[in-house]
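**Q** All you need for my numbering is the position in the sequence shown, starting with 1, plus 205. Note that beta-carbon positions come from the ideal geometry of N, C-alpha and C, so glycine has one too. The structure displayed is predicted, hence computed values, not measured ones.
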Amino acid sequence: MSFMNKISIWVKEHYFLTSIILVSTFLRIYHIDFQSLWVDEINTMAQATPYQGFRETYKSLLATDLQPPLYFYILKYLFRIFGYTTLVMRLFSAFLGIAGVWAIYLLGKEIFNKKAGLLAAAILCLNIFHIHYSQEGRPYAFLTLFAILSFYRLCRYIKNPSYKNVIIYSVFACLMLYGHPFGLFALLSQYCIIFYYFVLYDVKKRIALLKHGAISILITSILYIPAIPLLASAANVDSFWIELPGKNEFANILSQYFGDSEIILSIVYLSLIIFFIRMFNETGKYNKLIRADDSNYINSYIILIPWITACIVIPLIRSYLKVPMIIPRYLIIVLPAVILIISIGILQIKHTLVKYSFFGLFIIFSLVDIFVVKDFYNKRTKTDFRGITNYVIKNIHEGDELVSRVGWHYSYFFDNSTPKVPVLWNSFDAYVGTMMKWPDNYKHPFWFVDAQNAPLTLNPEQTAYLNEHFYIHNRKDLYSALGIYYIYKTTNYFKPQFKDQSQLNNTNNDPLELATNTTVSSIPMHLEKGNYYILISGRSLPDVSVNDINAHLSIKINGKSIGGIFMNENESVSTQQLKFHLNTTEDCSVEIIYDNSFSLGNKTRKAVLSSVYFEKI
206 MSFMNKISIW VKEHYFLTSI ILVSTFLRIY HIDFQSLWVD EINTMAQATP YQGFRETYKS
266 LLATDLQPPL YFYILKYLFR IFGYTTLVMR LFSAFLGIAG VWAIYLLGKE IFNKKAGLLA
326 AAILCLNIFH IHYSQEGRPY AFLTLFAILS FYRLCRYIKN PSYKNVIIYS VFACLMLYGH
386 PFGLFALLSQ YCIIFYYFVL YDVKKRIALL KHGAISILIT SILYIPAIPL LASAANVDSF
446 WIELPGKNEF ANILSQYFGD SEIILSIVYL SLIIFFIRMF NETGKYNKLI RADDSNYINS
506 YIILIPWITA CIVIPLIRSY LKVPMIIPRY LIIVLPAVIL IISIGILQIK HTLVKYSFFG
566 LFIIFSLVDI FVVKDFYNKR TKTDFRGITN YVIKNIHEGD ELVSRVGWHY SYFFDNSTPK
626 VPVLWNSFDA YVGTMMKWPD NYKHPFWFVD AQNAPLTLNP EQTAYLNEHF YIHNRKDLYS
686 ALGIYYIYKT TNYFKPQFKD QSQLNNTNND PLELATNTTV SSIPMHLEKG NYYILISGRS
746 LPDVSVNDIN AHLSIKINGK SIGGIFMNEN ESVSTQQLKF HLNTTEDCSV EIIYDNSFSL
806 GNKTRKAVLS SVYFEKI
């Protein structure tokens, strides 16, 4: 029989699982490179770079990330084979995520039955939390996959204690440890499960279990030796950016697992309740230590509850005794256990129509949440370093300086751009402070790029200096990232004053937003005769034109119209200019008239003004 015929037969016998795997593949690959790399993924690209040696990668991890090295070494060689790109990195995570869906089917089938495996695979397939981390270049999908496979092989070993099974289990357990330090807590839960059976067994089986246990520990320890220095360094960390768990920390994490969807969470909680009610009824039948062969319910309980408990309780205790360490993505290791409990809970509904209607609602609302509510594949959710970089590259000029508070992260993009642009690593206030000390050296335009919604904080003296000597010529705001282009004012630039409009011409304030038709007038200022430009920086809101028309401004000088401009949209502040001529030296006042306010549904067309200047030609 040919290989293709074997595949065809397998697909026919497993058509539902095949469909789940195909859907999982689509959901984890579609728009996989839509989001920009965010901070942690930039770290991954830097640490797994194919341009440095094996030892240098290890030293980089030891100095910065403290993650087990295997994931990064695999990526390093994938980069060497397929190219050093974001797509290669994320496709590796997608492959791990798809394999995780297949693996949870195996585990569900092993601890309960085939239906539980299929339901668990379908739920994980559509789980937005798992999809998210299957499209991210970090080892969380790696951790999830090998956590599932290690518990699967543990179950196989418990049912059939043999040297072959203990060796396979040990290899998968070690791979789980290589996914993330939290794998250690899951490994401790597995050893607790093994010890439970040690207590149940007779003397002969205990001796065999001791031998197997020694082999398992030996194999895991030997394979994990390369990561021990990293684990030791991570264990010695006594301060971290993570905060102590809040009052509803684990409820919030469970909510994040399922996209914070109230309807999906309602089904989740009902399924969990059904599981535990059935479990309590089942365990009540036994007046002795429960065994895995007593029933499928007991089997699932013995495996899943220690898994969840160890991975939550140990980090919780350590968070209060040493350093906080609980955030949702670290606890992705318990997501498969939660999903298996949900699947088994759904299967306890006796009425067939109700049971599959219940499951169907879960599937429908999961799809609605992904594609409609969250608009997962089209809505930015990661800091848009890439978008800001592309915008600056298109608009930067020779002689412009590029400054960033997060220069290490932006350097990754600008070093790989065409042309390459050097990034000066400096905070906004420190850079302005330097300009104030040596003003003659800082009369050139500069870009300041930032991220993570950090405020542009300046003291009053720095704000006054920046307003006096620079104006904002261009600005781009994207998701959690921005780029601002400052132009030095020569003696040919003149700044009009606007009464009661302090936002205008103030580089450190939010811009002036006009929601209704209105006129903004300046206080008259003295100008010599000659040719001038009026430079107006701003944008149109919302990001997409309302009724296909952007905000329009009509401009008058001393009551005389000199023209009009349509503002740009697409999240950028840009500067437009109109030319005018003064026949005589006179006092001049400018009127900026917003004249096409419009509302359509819940969208209102608005004009946003940042600065207004005169430039003598």
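1. I believe Ile469 touches Asp574 by the beta-carbon criterion, under 8 Å. Please report the beta-carbon distance rounded to the nearest angstrom.
2. Quick one: Cα of Tyr462 to Cα of Leu521, how far?
3. Once DSSP output is grouped into helix, strand and coil, what is the label at Ser548?
4. Report, in whole angstroms, the separation of the C-beta atoms of Lys734 and Leu787, which I expect to be a contact under 8 Å.
5. Would you check if the stretch 279 to 292 and the stretch 514 to 530 touch, i.e. whether three or more CB-CB distances between them fall below 8 Å?
6. Report the rounded CA-to-CA distance for Phe590 versus Leu359, giving the unit in angstroms.
7. If we ignore side chains and look at the alpha-carbon of each, how far apart do Val578 and Gly688 end up?
8. How do the stretch 313 to 332 and the stretch 220 to 227 stand: do at least 3 beta-carbon pairs fall below 8 Å, yes or no?
9. Starting from Ile575, trace the beta strand (DSSP E) in both directions and tell me its first and last residue.
10. Where Asn332 and Ile479 are concerned, what is the direct C-alpha to C-alpha distance, given to the nearest angstrom?
11. Could you spell out where the beta strand (DSSP E) holding Asp682 opens and where it closes?
12. For Tyr617, which of Asn595, Val637, Ile601 has the nearest alpha-carbon?
13. In the DSSP assignment, find the alpha helix (DSSP H) that holds Asn711 and state where it starts and stops.
14. Using C-beta distances below 7 Å, list every residue in its chain close to Glu820, excluding the 5 sequence neighbours before and after it, in chain order.
15. Mind listing, in chain order, the continuous beta strand (DSSP E) runs of no fewer than 3 residues lying wholly within the stretch 497 to 526?
16. Measure from the alpha carbon of Phe481 to the alpha carbon of each residue in Ser816, Tyr647, Lys364, Leu545, then state which is nearest.
17. Would you call the stretch 373 to 382 and the stretch 428 to 440 touching, i.e. three or more CB-CB distances under 8 Å?
18. Roughly how many whole angstroms lie between the Cα atoms of Leu494 and Ser375?
19. Enumerate in chain order the residues of its own chain whose CB-to-CB distance from Lys527 is below 7 Å, with the five nearest sequence positions on each side excluded.
20. Report all residues from its chain with a CB closer than 8 Å to the CB of Phe445; omit the five preceding and five following residues, and keep chain order.
21. Tell me whether Arg343 is buried or exposed, calling it buried when 16 or more other Cβ atoms sit within 10 Å of its Cβ.
22. Tell me the residue span of the beta strand (DSSP E) that contains Arg810.
23. Quick one: give me the first and last residue of the beta strand (DSSP E) that Val371 is part of.
24. Go ahead and pull the three-state DSSP assignment for Leu271.
25. Less than 8 Å between the CB atoms is what I'm expecting for Leu266 and Phe277, so what's the real figure, rounded?
26. So, helix, strand or coil for His614, using DSSP?
27. If you scan the stretch 235 to 320 from start to end, which runs of the alpha helix (DSSP H) of 4 or more residues do you find wholly inside it?
28. Straight-line CA distance for Ile551 to Asp465?
29. For the beta strand (DSSP E) holding His786, just list the boundary residues, first then last.
**A** A quick look at the data gives this:
1. The beta-carbon distance between Ile469 and Asp574, rounded to whole angstroms, is 6 Å. This is short enough to meet the 8 Å contact definition.
2. Distance from the CA atom of Tyr462 to the CA atom of Leu521, rounded to whole angstroms, is 18 Å.
3. DSSP places Ser548 within a helical segment (H, G or I) once states are collapsed to three.
4. That pair is a contact at about 5 Å.
5. They do not touch, by the three-pair rule.
6. If you take the alpha carbons of Phe590 and Leu359, they lie about 43 Å apart.
7. Val578 and Gly688: Cα-Cα distance of roughly 29 Å.
8. With the cut-off at 8 Å, the stretch 313 to 332 and the stretch 220 to 227 touch.
9. It is not in any beta strand (DSSP E) - Ile575 carries neither H nor E in the DSSP assignment.
10. Asn332 and Ile479 have their C-alpha atoms roughly 21 Å apart.
11. Note, Asp682: beta strand (DSSP E), 675 to 683.
12. Distance from the Cα of Tyr617 is smallest, within the candidate group Asn595, Val637, Ile601, for Asn595.
13. Segment: none, Asn711 is in no alpha helix (DSSP H) and carries neither H nor E.
14. Around Glu820, the same chain offers Asn697, Tyr698, Tyr737, Tyr738, Leu740 as residues with beta carbons nearer than 7 Å, after the five sequence neighbours per side are excluded.
15. Correct list: empty.
16. Here the closest residue by C-alpha is Leu545.
17. The answer is yes - the stretch 428 to 440 touches the stretch 373 to 382, with three or more Cβ pairs under 8 Å.
18. Model confidence at Leu494 stands at a pLDDT of 49, short of 50, so the residue's coordinates are unreliable; what they give is reported in the following sentence. Put simply, the backbone Cα of Leu494 is about 26 Å away from that of Ser375.
19. Listed in chain order, the non-local C-beta contacts of Lys527 below 7 Å within the same chain comprise Asp443, local neighbours out to five positions each way being set aside.
20. For Phe445, where only same-chain residues beyond five positions count, the Cβ hits under 8 Å are Val528, Pro529, Met530.
21. Buried, by the Cβ-count rule.
22. Here the beta strand (DSSP E) through Arg810 covers 808 to 821.
23. That residue, Val371, is in no beta strand (DSSP E); its alpha helix (DSSP H) goes 368 to 384.
24. Coil.
25. Beta-carbon to beta-carbon, Leu266 and Phe277 are separated by about 6 Å, close enough to satisfy the 8 Å threshold.
26. In the three-state DSSP reduction, His614 falls in the helix class (H, G or I).
27. Taking only runs of at least 4 residues, the alpha helix (DSSP H) segments lying wholly in the stretch 235 to 320 are 244 to 252, 259 to 265, 275 to 287, 291 to 316.
28. A direct Cα-Cα distance of roughly 20 Å separates Ile551 from Asp465.
29. Boundaries of the beta strand (DSSP E) harbouring His786: 777 to 787, taken from the DSSP string.
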